[in-house]
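Input: a single structure, listed below in structure tokens.
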Amino acid sequence: MDDLTYIRRTLELAEQGAGLTSPGAMVGAVVVKDDRIIGKGFYTYDGLYHAEILALGEAGEDARGATVYTSLEPCSHHGRTPPCVKALIGAGVARVVTAMQDPNPQVNGAGLKSLREAGIQVESGILEDEARRLNEAFIVYKTDNRPFGILKLAMTLDAKIATRKGESRWITSEESRAIVQRLRHRCDAVITGSGTFLADNPQLTDRTGFPRRRPLLRIVLDRRNRIQEFAGGVLFRDNLPALVTELFDREIQSFLLECGPDLAFNALRAGIIDKIVVFVAPRILGGREIPAIGGEGIERLAEAIALEGWTIQTSGPDVMLTAYVHRDH
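Take any residue in the sequence shown, count from 1 to its spot, add 190: that is its number in our numbering.
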């Protein structure tokens, strides 16, 4: 097997940390010798030990002269645990291959530099795009000092989220709703507006049944004081920039926004959304009421909020579109 195969395995291992690593990164590692995996591990925040340490521990003395593959650059600083770079050097590994550099300013290439200085062969950048997508929330959290924002939309082909009388359950399929649950599982918080809360009384819960490190933080934005109580959740009455600041202070790495048309537009215009996930059902409702995105709108095409990096896939009978907000908007 080649480097690509083993790096792909580290990404698969890292994925097992979904919901268990925030505010850290999802990381997987394997130790390979004689074209055989002799050690593997993935990081969880409460498990404390980094993926490389777990993989080295499983490999034992056989790690000497082996190649270590990681989905993220090994750390070189002393955080909650000693630096992984020191452990790799001490284990006598011959080569380290990683998918991407760690965006954490405390690392950001320093780990790879230390390995090279110790005489270890180092390669980086294999399947980097996949690795960056895996940890897109961690990257924004570490480099921009704010949570990664995802806007979820579920609409008909003509961009309606409800009938003219307000009926919205269910616009999209059971398969699409299952994907939304997995989106919630990967996030630290789910947010809606007071209008959606009063109209639909959404549960805003993670119903995947998968383990998660901490409970999903449920937030309702209510600047007009229309809601007096939200059992087990948070009512937030300030503006969107203040919300993002508070979320970052609470070590919320990512949030999912599921809301009505006006809040969707305002969140995009405020620049707090990084990614949009849209489920389009093969139905048409017609009418002028309740579009997926509303607000006051934009006057000039030149000022439109640009999207990039589109991907399209099916979800049962629906189409699922994912795109990223161009950050210069």
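Cβ atoms here follow ideal geometry from the backbone N, Cα and C, with glycine treated the same way.
For clarity, every value in this text was computed on a predicted model and none was experimentally measured.
Check, Outcome
"Once DSSP output is grouped into helix, strand and coil, what is the label at residue 418?", "coil"
"Would you tell me roughly how many angstroms separate the C-alpha atoms of residue 502 and residue 508, rounded to the nearest one?", "11 angstroms"
"If we ignore side chains and look at the alpha-carbon of each, how far apart do residue 331 and residue 514 end up?", "16 angstroms"
"Could you compute how far the alpha carbon of residue 336 sits from the alpha carbon of residue 325?", "14 angstroms"
"Take every Cβ of the segment 345 to 365, pair it with every Cβ of the segment 420 to 432, and state whether three or more of those distances are shorter than 8 angstroms.", "no"
"Between residue 215 and the rest of its own chain, which residues show a CB-CB distance below 6 angstroms, the 5 nearest in sequence each way excluded?", "262, 325 and 328"
"Enumerate in chain order the residues of its own chain whose CB-to-CB distance from residue 318 is below 7 angstroms, with the five nearest sequence positions on each side excluded.", "289 and 290"
"Whole angstroms are fine: how far does the CA of residue 282 sit from the CA of residue 206?", "28 angstroms"
"Over the uninterrupted alpha helix (DSSP H) stretch that includes residue 344, give me the two end residues.", "It is not in any alpha helix (DSSP H) - residue 344 instead sits in the beta strand (DSSP E) that spans 338 to 346."
"Rounded to whole angstroms, what's the CA-CA distance from residue 412 to residue 491? Just pull it up for me.", "31 angstroms"
"Answer yes or no: do residue 505 and residue 455 have a C-beta to C-beta separation smaller than 8 angstroms?", "no"
"Measure the Cβ-Cβ separation of residue 534 and residue 218 and say whether it is below 8 angstroms.", "As shown, the chain starts at 191 and ends at 519. That puts residue 534 outside it, with no answer to give."
"In the DSSP assignment, find the unbroken beta strand (DSSP E) run with residue 227 in it and report its ends.", "226 to 232"
"Between residue 199 and residue 191, what straight-line distance do the alpha-carbon atoms span, to the nearest angstrom?", "11 angstroms"
"Once the 5 residues before and after residue 415 are set aside, which same chain residues still bring their CB inside 7 angstroms of it?", "427"
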